[in-house]
Structures are given as C-alpha cells and as structure tokens.
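Protein chains in written order, with the numbering used here: chain D, 1 to 131; chain V, 132 to 262; chain A, 263 to 393; chain G, 394 to 524.
Worksheet: one structure, shown below.
There are 4 protein chains.
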Amino acid sequence: MTHATAMLDTYPADLGNVDKQALADCIDACFDCAQTCTACLSESMVAELTKCIRTNLDCADICDTTGRLLSRHTGYDANLTAATLQACLAACHACGDECERHAGMHEHCRVCAEACRRCEQACQRLAAALG
Amino acid sequence: MTHATAMLDTYPADLGNVDKQALADCIDACFDCAQTCTACLSESMVAELTKCIRTNLDCADICDTTGRLLSRHTGYDANLTAATLQACLAACHACGDECERHAGMHEHCRVCAEACRRCEQACQRLAAALG
Amino acid sequence: MTHATAMLDTYPADLGNVDKQALADCIDACFDCAQTCTACLSESMVAELTKCIRTNLDCADICDTTGRLLSRHTGYDANLTAATLQACLAACHACGDECERHAGMHEHCRVCAEACRRCEQACQRLAAALG
Amino acid sequence: MTHATAMLDTYPADLGNVDKQALADCIDACFDCAQTCTACLSESMVAELTKCIRTNLDCADICDTTGRLLSRHTGYDANLTAATLQACLAACHACGDECERHAGMHEHCRVCAEACRRCEQACQRLAAALG
C-alpha cells in the first residue's frame with residue numbers, strides 16, 4: 001500500500017464521488033516524478049544538455065506542487081485542479097520527450113523519461129475521472 | 132529596481148522578443164503572492180476558515196512554482212508556460228475571492244487578497260504578451 | 263527497488279565513499295515524510311490542532327528541501343549537508359511528537375507520526391555515516 | 394514597506410518579544426535570495442559551472458523553506474528555528490563564495506553573491522536576536 005493510499009484510506013472528510021484509485025495513483029506519480037527529475041539533474045550537467053536541465057527543474061517543481069495540491073483534496077476547486085493537471089501534463093510531456101532523446105546515452109535519463117510518462121498518464125486518467 | 136529586473140538586465144542569453152517588463156512584473160508578483168499567502172495561514176487558523184487555509188496553501192505553491200519557471204526563462208516552452216500561467220491565474224482568482232470574503236474581518240486577508248489580484252493581473256498581461 | 267536506489271544505481275558521477283544505502287533510505291524517507299505531512303493537513307483542520315498544522319507544514323517543507331538537496335549529491339558540501347540533516351531531524355522530531363499526541367484520536371496523525379519517526383532515524387543514520 | 398512587514402504588522406496573534414524588524418528583514422532576505430538563486434541558474438549553464446548550479450539550487454530551496462517557516466511564526470519552535478537558520482546560513486555562505494568566484498566574469502553571479510551575503514547576515518542577526 002502506498003503512502004497516498006494509506007492517507008486517503010484514513011481520510012476523515014468526505015471525498016465525494018472521486019475515483020480514489022486514480023487520485024492516489026496521480027499523487028504517487030507526481031511525487032515520484034518530482035524526485036526523479038530532481039535527481040536527473042546531476043546526470044545532465046554538461047553543456048549540451050542545458051535544455052534537459054531546465055526541463056527537469058520545471059517538471060520537478062510542477063509535479064511537486066501538483067502532488068501537494070492533490071494531497072489537500074478536501075473541498076477541492078474543480079477549475080483549479082483541472083488547470084493544474086493540464087500544466088503538469090504539459091511539463092511531463094516536455095520533460096519525457098527531452099529525456100527520451102538522451103535515453104540511449106544516459107541510463108539516468110531513461111529512468112526519468114519513464115517516470116515522466118507514468119505521471120503524464122496518471123494526470124490524464126485523473127483529469128478524465130474528474131470530468 | 133526589483134530583483135527580477137536586476138536579473139533580467141544581466142541575463143546573458145537572448146530573451147527573444149519577450150516583453151521584459153511584463154515578464155519581470157509577473158515574476159515579482161508571483162513571489163510576492165507566494166510569500167503573502169504563506170503568511171496568511173496564521174491568520175486563518177480557526178475552524179470556520181479551513182477553505183481559506185487550503186486555498187492559501189494551493190496558491191502559495193502554484194505561485195512559487197510559476198515564479199521559478201518564469202525565472203528560468205531561457206529557451207522557454209510556450210505551451211508549458213501558457214498552461215502554467217493558466218493554473219496560476221486560477222489559483223490567484225480562487226484565493227483572491229476567498230480572502231476577500233474575510234477582508235472585512237481580517238486585515239491580514241485584505242492584504243493577501245490584494246496580492247492575489249495583482250498576481251492574477253500580472254499573469255494575464257504576460258499571457259497576452261506571450262500570445 | 264525504490265526510485266532513489268534506481269537513480270543512485272545509474273549515477274554517472276563518483277559518489278565517493280558514501281554509504282549508498284543510508285543515502286537512498288534517507289532520500290526516500292524525506293520524500294515520504296513530506297508527502298504524508300502535506301496530506302495530514304486536511305485531518306488537522308480544526309481549531310484545537312493549529313499547532314499540528316504549523317508543525318506539519320514546516321516538516322513537509324524541510325523534508326522536501328532535504329530530499330532535493332540529497333538527490334543532488336554530486337560534489338556535496340559536508341558542512342551544508344550536516345546542517346540540513348540537523349534541521350530535518352529537528353522538524354521530524356517536533357512533528358512526530360505533535361502528531362503522536364493526536365494519534366489516538368486521528369488515524370491520519372498516527373500514520374504521519376510513523377513517517378516522521380522513520381525520517382528522523384534515516385537522517386540520524388545518514389548523519390552518522392557521513393561522519 | 395515590504396510584504397513581510399505588512400503581514401507582521403497585521404498579525405493577529407501575539408508574536409512575543411521577538412525582534413520584529415530582524416524577523417521581517419530575514420523573511421525578505423530569504424525570499425529575495427531564493428528568487429535570485431533560481432534565476433542565476435540560466436547564467437551558469439555551462440560545463441565548468443556545475444558546482445555553481447548545484448549550490449544555487451540548494452540555496453534556493455533552503456532559502457525558500459526558511460522564508461516559509463519564518464512566515465508561519467506563531468508559536469514557533471525555538472530549537473527548529475535555530476537549526477533551520479544554521480542550515481540557511483551554511484547554504485548562503487557556500488553559494489555566496491561560489492558565485493563570488495565567477496562575479497568578475499558573470500554580472501549575474503555578482504548580483505547573486507550579494508543576495509547571498511545579505512541573506513547570510515539577516516539569518517545571523519535573527520539567530521542572535523532569538524538568542
């Protein structure tokens with residue numbers, strides 16, 4: 001059982017009719033992706049990878065913020081959650097594409113590209129579930 | 132001269148045809164709003180203001196992330212920047228509305244509502260300038 | 263295999279003679295604790311738990327920053343790492359104590375107290391391993 | 394009047410006998426330094442400056458967290474605040490030294506080194522004021 005599931009299972013307030021599994025998966029994917037993108041930086045510290053560094057930093061910050069926002073789900077604002085998921089999707093898509101370009105050369109970047117793809121999909125599933 | 136202006140003025144890379152003033156204003160507004168929303172929390176720590184607390188925390192995190200992303204402007208991704216500005220707009224709008232409801236009772240919330248309105252407008256201006 | 267272990271195993275730079283297991287455990291514990299403390303907020307949103315809210319927010323921010331710093335381990339600064347681990351230790355200790363006081367009443371707080379204790383211990387082990 | 398001063402002046406709870414000016418100065422210095430270090434990254438994106446990048450990222454995260462913790466001053470934990478100020482001091486000192494080494498070559502780094510020095514001093518003054 002993941003941390004997000006443990007916290008949602010002991011959640012005192014009414015979560016409404018939200019798809020709890022999609023929510024827990026998305027929270028976990030966001031924090032995993034934030035962690036992986038932060039660590040990917042050290043791989044990328046060479047001049048030709050400057051775009052990769054910037055993309056990783058943007059993605060880490062946006063995933064971290066999205067994970068935090070989703071973790072504070074009580075009485076959520078549908079409009080704000082939808083906009084945040086769109087930003088997170090865009091960040092993961094850009095970072096996944098960028099890291100994938102270096103995946104053959106850097107094992108680190110391959111691991112990071114996979115985390116970005118998983119997070120992008122989890123955001124899409126949650127956005128669809130929230131309607 | 133603000134910090135954002137000082138950093139943009141000494142920026143080594145080409146910023147393209149971006150409206151530097153709109154960019155600097157938006158970076159400053161984002162960090163100001165993040166700081167103010169973080170501090171507003173202590174005001175709101177009473178049971179009837181739980182929605183205000185959550186909205187402040189969401190807004191602080193999103194503004195902080197938006198300020199960071201805009202500060203790393205080099206070779207920016209138009210799609211990602213637009214999506215992030217939309218999320219920041221939504222967060223500032225929601226938090227400004229919520230804090231304004233308590234502005235008559237809590238001087239703290241009035242200051243915070245104003246920071247949210249300024250940040251919302253700065254995001255709108257930058258989004259328009261970036262086309 | 264955790265994300266931190268996956269990233270450290272594919273790390274391109276020399277990690278020196280650091281205890282990789284203690285480092286990976288501490289990174290994982292920091293991010294888990296940050297996530298759990300962020301989620302714990304919604305539990306605590308009642309007037310009598312204001313100290314618990316503040317302690318959770320402080321702990322989430324410090325654990326997140328510590329996890330990020332440790333994830334960028336290359337050429338680390340022993341003095342800075344030691345000071346950051348001490349701050350993280352203090353935050354987890356304070357938050358663990360505070361959440362434990364509510365653990366009988368709030369299942370959420372019990373889960374959070376456990377995450378704080380694990381992170382405190384992981385920080386102590388890494389601090390000892392780094393000498 | 395800065396944002397930190399505006400928020401402290403409208404603070405509803407008792408701040409005890411804390412030196413409000415030292416507290417407001419330190420909050421402002423932390424957020425300024427976080428912003429400046431984040432922006433400094435783009436300057437440093439060349440292979441020979443990898444240590445500078447890492448130091449800037451560490452400093453930005455620690456200053457941001459310290460500014461947040463100090464902004465939530467109510468009922469503060471003396472032990473945690475002291476440990477956090479020590480970590481922030483260490484980060485600003487390291488980053489100031491590193492950026493200063495490039496200050497002759499990069500105007501950006503000179504501005505950043507100055508922000509780090511101001512923040513280091515503000516942390517020292519607040520630590521002394523808090524005893």
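Don't be surprised by glycine CBs; every beta carbon is placed ideally from N, CA and C.
Note that this is a predicted model, so its numbers are computed, not measured.
- Looking from the CA of D/Leu23, the closest CA among D/Tyr76, D/Ala87, D/Ile53 and D/Glu107 belongs to D/Tyr76.
- Nearest neighbour of D/Ala83 by Cα position, chosen from D/Thr36, D/Ala103 and D/Leu70, turns out to be D/Leu70.
- Taking the beta carbon of D/Ala6 as reference, the chain A residues within 7 Å of it are Val373, listed in sequence order.
- Look at the region 340–361 of chain A: the residues with a C-beta under 7 Å from a C-beta of chain G are Asn341, Leu342, Ala345, Thr346, Gln348, Ala349, Ala352, Ala353 and Ala356.
- In this structure, the straight-line span from the alpha carbon of V/Val242 to that of V/Thr167 is close to 8 Å.
- Interface flag for A/Thr300 against chain D is set, since a Cβ pair is found closer than 7 Å.
- The region 509–522 of chain G makes contact with the region 478–489 of chain G, as at least three CB pairs between them are under 8 Å.
- Shown here, A/Ala284 sits in a helix according to DSSP, grouped into three states.
- Each residue's CA atom was taken as its position, placing D/Lys20 and D/Leu8 some 8 Å apart.
- Of all alpha-carbon atoms in G/Met498, G/Asp421 and G/Gly524, the one lying nearest the alpha-carbon of G/Thr474 is that of G/Gly524.
- For A/Arg330, at least one C-beta of chain G is nearer than 7 Å to its own C-beta.
- Rounded to the nearest whole angstrom, the CA to CA distance from G/Ala496 to A/Ala390 is 36 Å.
- For D/Gln21, the closest Cβ of chain A is not nearer than 7 Å.
- Counting every other CB atom within 10 Å of its CB across the protein chains shown gives G/Asn449 a total of 16 or more, marking it as buried.
- If you draw a straight line from the Cα of A/Glu369 to the Cα of D/Asp32, it is about 25 Å long.
- Secondary structure at V/Ala213: helix, using DSSP grouped into helix, strand and coil.
- In the three-state reduction of the DSSP assignment, V/Arg241 falls in the helix class.
- Distance from the Cα of G/Cys492 is smallest, within the candidate group G/Lys444, G/Asp457 and G/Ala427, for G/Lys444.
- In this structure, DSSP gives V/His233 a state outside helix and strand, which the three-state scheme calls coil.
- With contacts defined as CB atoms closer than 7 Å, G/Cys419 and G/Leu519 qualify as a contacting pair.
- Between V/Cys161 and V/Thr197, the CB-CB gap stays under 7 Å.
- Counting other Cβ atoms within 10 Å of its Cβ, D/Asp97 stays below 16 and is therefore classed as exposed.
- Membership of G/Gly460 in the alpha helix (DSSP H) is indicated by the continuous run Thr443 to Ser464.
- Shown here, D/Gly96 sits in a helix according to DSSP, grouped into three states.
- D/Leu85 and D/Asp64 have their alpha carbons spaced roughly 12 Å apart.
- A residue is called buried once 16 or more other Cβ atoms fall within 10 Å of its Cβ, and G/Ala427 is buried on that count.
- Proximity of V/Arg203 to chain D, defined by a Cβ-Cβ separation below 7 Å, is satisfied.
- At least one CB of chain G lies nearer than 7 Å to the CB of V/Gln166.
- Only those residues of the region 182–195 of chain V whose C-beta falls short of 8 Å from the nearest C-beta of chain D are listed: Lys182, Arg185, Thr186, Leu188, Asp189, Asp192, Ile193 and Asp195.
- Annotated as proximal: G/Ala480 and A/Ala349, with beta-carbon spacing under 7 Å.
- The criterion of a C-beta distance shorter than 7 Å is satisfied by V/Asp192 and D/Arg68.
- Secondary structure at A/Asp294: helix, using DSSP grouped into helix, strand and coil.
- Residue environment: A/Ala340 is assigned as exposed (fewer than 16 neighbouring CB atoms within 10 Å of its CB, all protein chains considered).
- For G/Asp470, the three-state secondary structure derived from DSSP is coil.
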